[in-house]
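This report concerns only the one structure given below.
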Amino acid sequence: MQRYLFLILLLFSVALSSCKDEGPSPDASLMGDSDHKYSYLALGDSYTIGESVPAADRWGGQLAGLLREEGIDVGDPATIARTGWTTSELAKAIKDANPKPDFDLVSLLVGVNNQYRGQSISTFRTEFRDLLQTSIRLAKDDPGNVIVLSIPDWGATPYGQSRDQERISTEIEAFNAVAKDEAQKAGVTFINITPLSREALNDPSYVANDGLHYSGKMHLEWAKLALAQAKKSIQ
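Counting in the working numbering, the sequence shown runs from 5 upward without gaps.
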């Protein structure tokens, strides 16, 4: 029965993409936080929108909070992200939302659904490269204002462990190698959060209640790892 519920409720991000709105619509969130000096745009999928965690626990929001603690007056992120999105779906959403290209910081974390759906590495490379250029354009045409986070390893979650964990991890590594390569070519900093995601194997408090995504505690660890580069980018 428990396994059946997993399949109904989770079926990873592909099925979830059509189930519900995962937060503010892109149009509603793109105003950013005008009460602050610096603006931040977070682009991605379930890991950015914070599937199964409160909005306040999303890693991007926690990163903004850490930056403010460091004396950097940045608002909470405007967000274009939804559970289930691949690179192509994120690209379309950005085009539809048409945000102004004047953000002081842009983060990009996407690709897990390309891996899950069995899409090719070559397709991912092409679409990820285009997303990088879009991110740079939105960050005032400055690659130094963009940070890329690696794809977490969902094989480390309870749901992932019920699948072919070794294959999942191997494929995630391959997609991350492409993301890192393209980020470096574009002059964008690549932040490897994948090893942190694997801590969920030993610490269940890093896993969200759905058994598939990550808890706010893990999101905070990602934010901490991204903090130093975000400070450089935004100042």
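For each residue, glycine too, the CB sits at the ideal point set by N, CA and C.
Since the model is a prediction, treat every value here as computed from it, not as a measurement.
- Apart from the 5 residues on each side of it in sequence, threonine 198 sits with its Cβ closer than 7 Å to the Cβ of Ser154, Ile155, Pro156, Asp157, Ile176 and Asn180 in its chain, given in chain order.
- Secondary structure note for valine 152: its beta strand (DSSP E) is the uninterrupted segment 150-153.
- Counting along the chain, the unbroken alpha helix (DSSP H) around alanine 183 starts and ends at 169-190.
- Contact annotation: isoleucine 238 and aspartate 108 have beta-carbon atoms nearer than 7 Å.
- Distance from the CA of aspartate 145 to the CA of asparagine 102, rounded to the nearest whole angstrom, comes to 15 Å.
- The Cβ-Cβ distance between arginine 129 and valine 182 falls below 7 Å.
- Take arginine 133, set aside five residues on each side of it, and the residues of its chain with a beta-carbon closer than 7 Å to its own are Glu186, in chain order.
- A Cβ-Cβ distance of about 12 Å is found for the pair leucine 135 and alanine 85, leaving them out of contact under the 8 Å criterion.
- Rounded to the nearest angstrom, the Cβ distance from leucine 47 to valine 114 is 7 Å, consistent with a contact under 8 Å.
- Alanine 204 is not a Cβ neighbour of leucine 67, given a cutoff of 7 Å.
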